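Using UniProt numbering, you'd call the opening residue of the sequence shown number 1 and step up by one each time.
Ideal placement from N, C-alpha and C gives every residue a C-beta, glycine not left out.
Values in this document were obtained by computation on a predicted structure and should not be read as measured data.
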Amino acid sequence: MPIYEYLCNDCGPFTDMRPMAECDLPQDCPQCETTSPRVILTAPAFFCMPSDKRKAHATNEQSRHAPKTLDQYKAAHGPGCGCCSTTGKKKPARLMTKTKSGAKGFPTARPWMISH
């Protein structure tokens, strides 16, 4: 059961554990028994959570239906990055050797074949 904060006009803030279904209902002050509204005075206590779990929560909070903006895309991919686009991609260069006479050789292509 979560702990909610309430603010009594006479006695000040107090907390109480209540079911989530009753989160918006007012609560009686434990000292003067005046009906007091729920308030948010402190931030949720996420500091006790391990960092990997905090990161997972942050990831889940991100909107998955919205595309990235151009600035977000550029921040994730540096200049010349070719990991996402197929246009403009060059094939990796083949290993080529040259002899002193100028003959070309491709040792990785088919080493069992004799050059002609």
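Which residue from the options puts its Cα closest to that of residue i?
i, options, result
"CYS11", "CYS32, PRO19 and TYR4", "CYS32"
"ALA21", "TYR4, ASP28 and PRO30", "TYR4"
"PRO30", "LYS74, TYR6 and LEU41", "TYR6"
"ILE40", "ALA56, THR69, LYS55 and CYS8", "CYS8"
"residue 190", "THR15, ALA58 and HIS57", "One cannot answer for residue 190 here, as it falls past the ends of the chain, which runs 1 to 116."
For residue i, report the span of its beta strand (DSSP E) as first-last.
i, result
"ASP10", "That residue, ASP10, is in no beta strand (DSSP E); it is neither H nor E in DSSP."
Just to confirm, is the Cβ distance from residue i to residue j under 8 angstroms?
i, j, result
"ARG38", "CYS48", "no"
Output the boundary residues of the alpha helix (DSSP H) element that contains residue i.
i, result
"ALA76", "70-76"
For chain C, check one thing: does any of its Cβ atoms lie closer than 8 angstroms to the Cβ of residue i?
i, result
"ARG38", "The displayed structure is made up of one protein chain only, and chain C is not part of it."
Across which residues does DSSP place residue i in a beta bridge pair?
i, result
"GLN27", "SER36"
"MET17", "ILE3"
Measuring from the CB of residue i, is there a heavy atom of the ligand GDP at a distance below 7 angstroms?
i, result
"SER51", "Annotation note on the ligand GDP: not contained in the displayed structure, which lists no ligands."
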